[in-house]
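Start counting at 1 in the sequence shown, then tack on 41, and there's your number in our numbering.
Every residue, glycine too, gets a C-beta built ideally from N, C-alpha and C.
One structure is given here, and the rest of the page talks about it.
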Amino acid sequence: MNRQKRQRRQASGSGIETVIVIVIVSAIALFKMQFSPSQVPPPIAAITRPDCTVKGNISMNSGNKLYHLPGMEDYENTVIDPGKGEKWFCTEDEAIASGWRKAPN
């Protein structure tokens, strides 16, 4: 009878240990996921096509809709926020047809 009690205690003890290990491993995984760089591309990259490089930006100061072409002075610093109505165009003609004008260089 003592042997059966010991076996039950050992079995239940190992179950608790397993649960503790699972909880610890899960907590570590969640912590690492929360503080590691995201593998999801930023929204800007997710909605653009590689061949659409004309940036349609709305000026914060004037509200003017300006487009920027690769190589222009502010092109690299211009960030497109679709939530504010800004967009990417595939051609300069497309930007012009949509009512945007070329940003001063």
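Inset, instruction - State the Cα-Cα distance for the pair Ile-99 and Leu-110, rounded to the nearest angstrom. - result: As a working mapping, residue 99 is identified with position 58 in the sequence shown. As a working mapping, residue 110 is identified with position 69 in the sequence shown. Taking the straight line from one Cα to the other gives about 14 Å.
Inset, instruction - Identify whether Val-176 lies in helix, strand or coil by the three-state DSSP scheme. - result: Past the edges of the chain, shown from 42 to 146, lies residue 176, and the structure says nothing about it.
Inset, instruction - Please determine, among Met-113, Lys-96, Gly-124 and Asn-105, the residue with the shortest C-alpha to C-alpha distance to Ala-136. - result: On the sequence shown, position 95 is the one that residue 136 refers to. Taking only the C-alpha atoms, the option nearest Ala-136 is Lys-96.
Inset, instruction - Pick helix, strand or coil for Gly-104, following the three-state DSSP scheme. - result: As a working mapping, residue 104 is identified with position 63 in the sequence shown. Three-state result, Gly-104: coil.
Inset, instruction - Taking Cys-131 as the reference, give the member of Pro-91, Trp-141 and Glu-114 with the closest Cα. - result: As a first step, residue 131 is located in the sequence shown; it is residue number 90 there, counting from the start. Nearest of Pro-91, Trp-141 and Glu-114 to Cys-131, Cα basis: Pro-91.
Legend entry - Cβ-Cβ separation, Glu-117 to Asn-146 (assumed contact under 8 Å), whole Å: Working through the sequence shown from its first residue, we reach residue 146 at position 105. Working through the sequence shown from its first residue, we reach residue 117 at position 76. With 8 Å as the limit, Asn-146 and Glu-117 do not qualify as a contact, their Cβ atoms being about 13 Å apart.
Inset, instruction - Answer with buried or exposed for Ala-144, where buried requires no fewer than 16 other C-beta atoms within 10 angstroms of its C-beta. - result: Position 103 of the sequence shown, counted from the first residue, corresponds to residue 144. Label assigned to Ala-144: buried.
Inset, instruction - Using the Cα positions of Gly-140 and Leu-107, report the straight-line distance between them to the nearest angstrom. - result: The sequence position of residue 140 within the sequence shown is 99, counting from 1. The sequence position of residue 107 within the sequence shown is 66, counting from 1. Straight-line Cα distance between these residues: approximately 9 Å.
Legend entry - Rounded straight-line distance, which links the Cα of Gly-112 to that of Gly-126: The count along the sequence shown starts at 1 and reaches residue 126 at position 85. The count along the sequence shown starts at 1 and reaches residue 112 at position 71. About 23 Å.
Inset, instruction - Pick out whichever of Met-101, Glu-133 and Asp-134 has its Cα sitting closest to the Cα of Thr-119. - result: As a working note, residue 119 is residue 78 in the sequence shown. Taking only the C-alpha atoms, the option nearest Thr-119 is Met-101.
Inset, instruction - Measure the alpha-carbon distance for Ala-68 versus Val-62 and round it to whole angstroms. - result: Locating residue 68 in the sequence shown gives position 27, where the first residue counts as 1. Locating residue 62 in the sequence shown gives position 21, where the first residue counts as 1. Near 10 Å, if we compare the C-alpha coordinates of Val-62 and Ala-68.
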